[in-house]
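J.: Questions regarding the structure given below will be posed in turn.
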Amino acid sequence: MTNSTSLLAIIAILPFLGALVPGLMIRAGRNACASFAAIPTVLALILLGTLAPAVLQGEVIQTSYEWLPSLGLSVSFFLDGLGLLFALMILGVGLLIILYARFYLSADDPMGQFYTYLLLFQGAMLGIVLSDNILLLLVFWELTSLSSFLLIGYWKHLPEGRQGARMALTVTGAGGLAMIAGMLIIGNIVGSYNLTDILAAGDVIKASEWYMPALILILIGAFTKSAQFPFHFWLPHAMAAPTPVSAYLHSATMVKAGVFLMARMWPALAGTEAWFYIVATTGLVTMVIGALIALFKDDLKALLAFSTVSHLGLLTMLLGFGTKAAAIAAVFHIINHLTFKAALFMTAGIVDHETHTRDIKRLGGLAKLMPITATIATITALSMAGMIPLNGFLSKEMMLEEAAHTSWMHNPWIVPVLATLGACLSVAYSLRFIVHVFGGKVRDDYPSHPHDPPFGLYASPALLTVLVVLIGTMPFLAEPIVTAAANAVTGADTHPHLKIWHGVTPALYMSLTAFGVGGVLLAMHGSLERVWNALPRPEAKVIFDWIMDRCVALAKSITASVHNGAISRYLAIFVSATVVLGYLAFTSGPIAPATRDMLPVPLPIAVGWIILVAAVGLVVTNHHKRFLSLVFISMIGLAIAGGFVYLSAPDLALTQISVETVTVMLLLLALHFMPKSTPRESSNALRVRDAGIAIAAGVAVAALAMAFLLRDFDSISAYHLANSYQGGGGTNVVNVILVDFRGYDTYGEIIVLGIAGLTIYALMDALLRGPAAKRLRETDYSQDRSRDRHPMMMVVATRAMLPIAILVGVYIFLRGHNQPGGGFIAGLVISIALLMQYMASGFAWTQLRQRIEYHSLLGWGVVIAGLTGAGAWIAGKPFLTSAFGYLHFPPIEEFEWATAIAFDLGVFLAVLGAVMLMLYSLSRIARYAGETINIDPMDHDPSAAAEKTEAEAN
Amino acid sequence: MEFLVASAIGVLTAGGVYLILRLRTFPVILGISLLSYAVNVFLFATGRLAVDAPPVLQKYADVAYTDPLPQALVLTAIVISFGMTAVLVMFALGAYLEADHDQINIQDADEIESSDEKGQGA
């Protein structure tokens, strides 16, 4: 073990960082974009190379950072042989794909997006194989599902692309959910989410009664990802992706993630009967079915897709055998499959690129036209078939060898026979790929004129072909990495000896049979195909779509029944449920006896109460007459303000009265543009139901209020009373709380108020650009207008009152710290004073005389309050700590200064700005509604008339 | 006195709930105003009731003070509920001007569908 290395974390994060770049670099051109996409991959490969020697020696490199320790989640990475093998594959093939895609993608394809998705996916895959924490692994696992969704659906204009992407996401995503559950069970059994701990605790896991559920859930995750039967159907549909994506996802990465996971969890889960029967059987069935379907696919990529399914089945089967030798074969075949399958996919892409078709029936004879491509394809396809001396032969021999002495349910024949059958079919479709595409006569009806592509396009598959031959002829080259990986899988010391000639073994006979039968199958392909097409076959996509449609229909019916757009119904259910739950909570425990006596009720208060109750009743019964209900609602507000006065809350009373005024003005303004009455449309039954709910809610709230009004409890209020003067320098404790003790709350609240004001302004602005503006202009509001809109009496009175009102506002503001008042109330009072000018002389006249914008008033308010708070930092105190002191100017009385007053000034400005902005927004609508713009202060101005007469007289 | 306050809160709540269950925007706004009153008085009442004991400190007399904390909270709550009512009024007005009706319930499934599509298109 070494801890020398945060390198691992850097390797894991490089692709994600790199993903940010291509989207920007595309502006610099396609070559720059591709180069910059390659840089993080190359860097990661180099860093990995520095770690590789140690890992090949058997070391395990670890690095770990805490993330959410309380959940057992840490950012832990480790690198052992298996991780190294996969990381090399992911990065190495990734690099080849980046090169290939540069030449494959056409000028219309957004290349920056492509590389960003590709690097995201690469990072996610790398994360899976490097994670040392299974929760972290799950995070990356889900990331591969998401990023592969983006890649598969890259050609957004193609419906197949979108559908294929959705199907892949649904299947692998659902499997991922199952795997999360399985991994959590494992974590619970072991008591740790660290992979290294889990791998060491295989015996504990296998002995646990939770082993089976965990195994099945994890296998569902692995099988869906690795496209094992019966989840194999998503993979061929994912072929709608651009070929570089298919080559990457379906040779080296995405589908190998499931295999990787089975290999990773091998020490913890494998070796039991359940493992053998589930995993090996699934793999065997998948291998045969995949190969069979592949033989009859005419689409090149579909053929390769089903062949991939088949080879993944082979790998799964080998891992399922649970023996060391099988594990070695699996690891070796992972490498070999990668080399030939990635090259084959790229070849298919080249054929598609050059001939504009992937339909085998329309191809043939390409060997003469595209000799380089044909050479690459022939070598790699022969390797896929298992031809000596290519690398596919070696691992297939090892597979057949293992299969030859595996018995299934005490039957020694089933596994070898089926494995041989799979091999026969594999030979058949591989040969078909060569013969039907490249063999035969040159045709004259290709959709395009085919020739070999530029070097950039065939460089990647050519390199892989070299590997195919090298590993095939000199298998000892691959021995170190296979040994390291196999050791990591089995958790034991393995000594694989990879060689071409094993002597005359059963496997050799099986291989020879495969080639013989495979050749015959190809020769009979035409007639076999007719039989195949005549056979009824279940179409996976139809079944999948049917299931999806049912699910969607079910979800729709549930949604439609609970979320039908009737807000009043949601509210009725919500209120009823709240009352019922509150009642249950309230009655579930005893209630302490009352400790307070009731206060006496003086006559004025009783009258106030009667007014309030009567006004509520009148609002409810008269809500159809909208103006009238506004009158009643203002009565309620005044009654409540009176109550505040009596019950020792002068600040609240002042606030309530001023807010009441502003609210009613606002509602009046809005009502001008809305229907003046509400139609009666609720049925009697509905009204009775609503009344029932309302009364229940009212009684419940009243009972709750009554319960706590008669009982004492301790609160933190005493602290505020005790410290208001010494700590905050003010005697009005409510104001000191607002600007000092709870200044942060207040700061937040003025911001909320500012946001509300800006929201209204923005809404109004958007409205006046839309169809609403047209409606406003076309509607005739003149019937509602008074003839004397700017009466002289009102103009004169408001003009005279303006300075007085402002003085009152300033007074209320200044006394706020020690007496009832303060920024909130002063802001409201001054707003009312200004509003009176608007009401008296109209919008345009007042607006002309307004020098400061309400937006900036609002903004300055928040800024001043914020700066005052930040000023405390200069003194080294926390945000919003206030300071105060006393000045003495004889003969004036002692004068107090406090930073809190600056904060209160901010509050004042913000409130003033917000309120004015709201009403200003509504009045702007009035102008659109065709209100005449007056620039005179009043309709009949006697002084102007007098001047006129004077002028005429002169 | 306590009974009067509690029952006033109850009456305000009942009226508010009844009005928010109506089918047009304007009564719903009235209902929300009533509910804001109810909530504000409710919060204020958590400080329990006291007469002649405003939380303004007296220098020269040792007197009782009522609980100032709920008052401070309610003061801002009153202002904020004004702001929220204003936003709501603007929504209601905008919805009426855009859609030419002021019903709060979406009428039928077609309209839900089309509004969904609009949402996706935007």
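Here the protein sequences come in this chain order: A and B. Numbering-wise (our numbering), the first sequence opens with residue -7 and increments by one. Numbering-wise (our numbering), the second sequence opens with residue 106 and increments by one. Even glycine gets a Cβ: it sits at the ideal position worked out from N, Cα and C. Since we're looking at a predicted model, the values are computed, not measured.
Below 8 Å on C-beta distance, what does Asp172(B) contact in chain A?
T.: In chain order: Ser707, Ser709.
J.: Report the option in Leu909(A), Asn810(A), Ile796(A) whose CA atom is closest to the CA atom of Ile844(A).
T.: That would be Leu909(A), whose Cα lies nearest to the Cα of Ile844(A).
J.: State the CB to CB distance for the pair Asp207(B) and Arg129(B), rounded to an integer number of angstroms; the pair is presumed to be in contact (CB under 8 Å).
T.: Right, the Cβ-Cβ distance comes to about 5 Å (below 8 Å), so this counts as a contact.
J.: Val192(B) CB to nearest chain A CB: under 7 Å?
T.: Yes, contact with chain A.
J.: Between Tyr92(A) and the rest of its own chain, which residues show a CB-CB distance below 6 Å, the 5 nearest in sequence each way excluded?
T.: These residues qualify, in order along the chain: Pro236, Met338, Ser452.
J.: Using a Cβ-Cβ cut-off of 6 Å (strictly less than) and excluding sequence neighbours within five positions of Gly119(A), which residues of its own chain qualify?
T.: Correct list, in chain order: Ala4, Phe132.
J.: Going along chain B, which residues have a C-beta under 7 Å from Ile559(A)?
T.: Under the 7 Å cutoff, chain B gives Ile209, Asn210.
J.: Would DSSP call Asp207(B) helix, strand or coil?
T.: The answer is coil: DSSP assigns Asp207(B) none of H, G, I, E or B.
J.: In whole angstroms, give me the CA-to-CA distance for Ala227(B) and Gly165(A).
T.: A caution first: Ala227(B) carries a pLDDT of 33, below 50, which makes its placement in the model unreliable, though a value can still be read off. Those two C-alpha atoms are separated by around 28 Å.
J.: How about Val194(B) and Ala764(A): do their beta carbons lie closer than 7 Å?
T.: Not in contact: Val194(B) and Ala764(A) (Cβ atoms no closer than 7 Å).
J.: Considering Val461(A), what are the terminal residues of the alpha helix (DSSP H) in which it resides?
T.: From DSSP, the alpha helix (DSSP H) with Val461(A) extends over 447 to 465.
J.: Could you run through the region 805 to 820 of chain A and flag, in chain order, every residue whose CB is less than 9 Å away from some CB of chain B?
T.: Of all residues in the region 805 to 820 of chain A, Asn810, Gln811, Pro812, Gly814, Phe816, Ile817, Gly819, Leu820 have a Cβ within less than 9 Å of some Cβ in chain B.
J.: Looking only at its own chain, which residues have a Cβ that is under 8 Å from the Cβ of Phe147(B), when we skip the five neighbours before and after it?
T.: Result list for Phe147(B): Ile114, in chain order.
J.: Would you say Thr372(A) and Leu423(A) are within 7 Å of each other, going by their C-beta atoms?
T.: In this structure, Leu423(A) does not lie closer than 7 Å to Thr372(A) by Cβ.
J.: What does the alpha-carbon distance come out to for the pair Ser(-4)(A) and Val52(A)?
T.: With a pLDDT of only 49 at Ser(-4)(A), under 50, the local geometry of the prediction cannot be trusted, and the value read off the model is given with reservation. So the alpha carbons of these two residues sit roughly 12 Å apart.
J.: Taking a Cβ distance cut-off of 9 Å, strictly less, list which residues of the region 827 to 848 of chain A are near chain B, in chain order.
T.: Taking 9 Å as the Cβ-Cβ cut-off against chain B, none of the residues of the region 827 to 848 of chain A qualify.
J.: Output, in chain order, the set of chain A residues within a Cβ distance shorter than 9 Å of Ala177(B).
T.: Simply Asp643, His712, Val725, Val726, Asn727, Val728, Ile729, Leu730, Phe733, Arg734, Asp737, Thr738.
J.: If you measure between the beta carbons of Leu76(A) and Ala36(A), is that distance less than 7 Å?
T.: No, the pair does not count as a contact, with Cβ atoms beyond the cut-off.
J.: Taking the beta carbon of Arg542(A) as the centre, do at least 16 other beta carbons fall within 10 Å, making it buried, or is it exposed?
T.: Looking at its Cβ environment, which holds fewer than 16 other Cβ atoms inside 10 Å, Arg542(A) is exposed.
J.: For Gly275(A) and Gln220(A), I'd like the C-alpha separation in whole angstroms.
T.: So the two alpha carbons sit approximately 7 Å from each other.
J.: From Ile31(A) to Gly10(A), what distance separates their C-alpha atoms?
T.: For Ile31(A) and Gly10(A), the distance between alpha carbons rounds to 8 Å.
J.: For the 8 Å Cβ check, are there 3 or more pairs between the region 428 to 444 of chain A and the region 383 to 394 of chain A?
T.: Cβ pair count under 8 Å is below three, so no.
J.: Closest Cβ-Cβ distance between Ser141(B) and chain A: below 7 Å?
T.: Closer than 7 Å: no.
J.: Got a sec? Which residues, its chain only, sit under 8 Å from Pro159(B) by beta carbon, not counting five neighbours each side?
T.: Taken in chain order, the residues that qualify are Tyr170, Thr171.
J.: What's the C-alpha gap between Leu911(A) and Glu770(A)?
T.: Roughly 23 Å between the two C-alpha positions.
J.: Pairs of beta-carbons, one from the region 593 to 607 of chain A and one from the region 566 to 585 of chain A, closer than 8 Å: are there three or more?
T.: The region 593 to 607 of chain A, when compared against the region 566 to 585 of chain A, does not touch it at the 8 Å Cβ threshold.
J.: For Asn715(A), name the three-state secondary structure that DSSP assigns.
T.: Asn715(A): helix per DSSP, three-state reduction.
J.: List the residues of chain A that Val168(B) touches, going by C-beta distances under 8 Å, in chain order.
T.: Simply none; closest approach about 11 Å.
J.: Is Ile685(A) near Val605(A), with beta carbons less than 7 Å apart?
T.: Contact: no.
J.: Output needed in chain order: residues of the region 539 to 557 of chain A with a Cβ under 7 Å from some Cβ in chain B.
T.: The region 539 to 557 of chain A vs chain B, Cβ under 7 Å: Ala552, Gly557.
J.: Quick one: using the 10 Å Cβ neighbour count with 16 as the cut-off for buried, is Leu129(A) buried or exposed?
T.: Looking at its Cβ environment, which holds 16 or more other Cβ atoms inside 10 Å, Leu129(A) is buried.
J.: Quickly, what does DSSP pair Thr55(A) with across the bridge? List them, please.
T.: In DSSP, Thr55(A) forms a bridge with Phe69(A).
J.: Give, in chain order, every residue of the region 629 to 663 of chain A whose Cβ lies closer than 8 Å to some Cβ of chain B.
T.: From the region 629 to 663 of chain A, only Gly629, Ile632, Gly635, Phe636, Tyr638, Leu639, Ser640, Ala641, Pro642, Asp643, Leu644, Thr647, Gln648, Val651, Val654, Thr655, Leu658, Leu659, Ala662, Leu663 have a Cβ closer than 8 Å to chain B.
J.: At a CB-CB cut-off below 7 Å, which residues of chain B make contact with Ile625(A)?
T.: Residues of chain B passing the Cβ test: Leu135, Ser138.
J.: Within the continuous beta strand (DSSP E) that includes Phe876(A), where are the two ends?
T.: Start and end: 876 to 880.
J.: Around the Cβ of Thr(-6)(A), are there at least 16 other Cβ atoms within 10 angstroms (buried) or fewer (exposed)?
T.: No answer about Thr(-6)(A) holds up, because its pLDDT of 44 lies below 50 and its placement is not dependable.
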